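Undergrad:
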Amino acid sequence: MKQILITCDTEVGELHANRADAFEIFIKGETDGKEVGVNLINDLASEYGAVVEHFVDVYPYERYDECKFERLCGDIIHGGHGVNLHTHPSGGYDKNRKFMWQYSVDEQTEIINFGKQKIKEWIGIDVLAHRAGGYGANDDTIRALKFNDIFIDSSFFYKNGNCKINYDYINKVSEKNGVLQLPISVYEKQKRYSFINTKSSFQKFDFRYGSSADEILRAIDLMPKDCIITLFLHSFNFLNLKYNFKSGRYVDISINEGLIGECKKLLGGIAGNKECKFTSIKDLNLSSLSYSDYVPKISVNAEILKPAMDKFRLKFMQIGDI
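Using this note's numbering, the first residue of the sequence shown is number 409, and each one after it goes up by one.
1. In whole angstroms, give me the CA-to-CA distance for VAL659 and THR439.
2. Quick check on this structure: which residue in TYR543, ASP514, LYS673, PHE434 has the alpha carbon closest to the alpha carbon of THR495?
3. Examine the Cβ distances between the stretch 468-476 and the stretch 503-517 and report whether three or more of them are shorter than 8 Å.
4. Does the beta-carbon distance from TYR575 to PHE564 come in below 7 Å?
5. Under the three-state reduction of DSSP, which class applies to ALA710: helix, strand or coil?
6. With DSSP as the reference, label LYS705 as helix, strand or coil.
7. So which of THR687, LYS672, ALA428, GLY541 has the shortest CA-CA distance to CYS635?
8. Taking 7 Å as the threshold (C-beta atoms), are LYS612 and PHE640 in contact?
9. Can you tell me whether DSSP reads THR687 as helix, strand or coil?
10. In whole angstroms, what is the alpha-carbon distance linking SER695 and ILE637?
11. Taking only beta-carbon positions, decide if GLN516 is within less than 7 Å of chain E.
12. Who are the Cβ neighbours of ILE624 in its own chain at under 7 Å, not counting the five residues just before and after it?
13. Within the chosen definition, does the stretch 535-553 reach the stretch 665-684 through at least 3 CB pairs nearer than 8 Å?
14. DSSP three-state label for LYS723, please.
15. Three or more C-beta pairs closer than 8 Å, one from the stretch 519-537 and one from the stretch 567-582: is that the case here?
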């Protein structure tokens with residue numbers, strides 16, 4: 409049985425820090441008189457019998473009111489979902505060092521300990537897992553996690569330039585230095601521009617950034633039996649966030665109904681697949697990790713207008729830990 413783990417980076421984010429309403433927009437998803445953030449993500453998952461594992465960035469808690477973060481974590485747990493640690497250290501330490509690998513092992517140990525203790529203070533539990541912001545972990549991060557008795561990490565992202573973890577696999581779940589690695593699942597997307605011109609990239613199972621529900625479902629079908637697959641969301645997953653880097657301001661924040669539809673399509677497709685089951689971090693079955701590492705290959709026809717769209721995206725980009 410393929411185990412499907414839904415993960416969500418629940419965060420304000422790096423470029424949103426100066427907004428007074430950042431918590432309401434990027435975590436709660438409040439816009440256009442509706443709320444399409446964490447609560448909607450959890451409600452949709454619950455409809456299909458799934459659990460969402462939230463990796464919560466606690467470090468800017470003082471900036472936006474600690475009570476909001478405490479209530480957020482409590483609501484997640486009371487709804488039957490999970491709270492884990494997401495480390496964006498620039499939110500509480502050095503604003504010029506945004507990745508964990510830019511800190512020494514002692515500094516990383518302190519950063520992780522602070523986040524772990526803050527979550528325990530809020531909801532009385534020890535977090536089971538960690539993910540570094542921007543995937544920016546290294547081997548020292550693994551050591552720092554072990555020092556803090558956190559034995560699951562989900563920071564490794566194959567071929568991502570921010571990730572400095574030395575890992576022997578791409579998608580396979582395995583142990584590294586006493587810490588279980590839950591890689592961010594990827595597939596190889598082959599874009600055909602013509603009969604002789606094909607470009608490949610590695611895409612995470614994330615229908616907001618570079619993938620679609622159809623592609624992810626096809627990739628899941630190709631994955632080996634008994635594997636663990638990590639799906640990826642952000643708390644602001646269902647928002648259009650158009651940002652003008654030149655002016656340093658948002659030009660539009662609105663609800664993306666299409667992405668809500670993609671989420672329902674993906675969850676429904678998995679729920680109807682007899683070879684799959686939703687799981688949580690605490691319920692992972694680790695008895696069958698002998699499967700071979702595998703990367704699905706998905707071929708798609710590239711859009712004719714892609715070069716023009718690429719130029720547009722340089723000016724107006726959607727923001728997140730892409």
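For glycine and all other residues, C-beta sits at the position ideal for the given N, C-alpha and C. Keep in mind it's a predicted model, so treat the numbers as computed, not measured.
TA: Here's the rundown:
1. In a straight line, the C-alpha of VAL659 is about 14 Å away from that of THR439.
2. Of the residues TYR543, ASP514, LYS673, PHE434, the one whose Cα lies closest to the Cα of THR495 is TYR543.
3. Put simply, the stretch 468-476 does not touch the stretch 503-517. Fewer than three CB pairs are less than 8 Å apart.
4. It is a contact, given that the beta carbons lie within the stated cut-off.
5. Shown here, ALA710 sits in coil according to DSSP, grouped into three states, outside any helix or strand.
6. Strand.
7. Among THR687, LYS672, ALA428, GLY541, the Cα nearest to that of CYS635 is on THR687.
8. Between PHE640 and LYS612, the CB-CB gap stays under 7 Å.
9. Collapsing the DSSP output to three states places THR687 in coil.
10. As the crow flies, the alpha-carbon of SER695 is around 15 Å from that of ILE637.
11. Any reference to chain E falls outside this structure, which holds one protein chain only.
12. Cβ neighbours of ILE624 beyond the five flanking positions: PHE613, PHE615, LEU674.
13. Verdict: no, contact absent.
14. Any reading at LYS723 must be qualified, since the residue scores a pLDDT of 46, below 50, and its modelled position is unreliable; no value is offered.
15. Judged by Cβ distances under 8 Å, the stretch 519-537 makes no contact with the stretch 567-582, as fewer than three pairs qualify.
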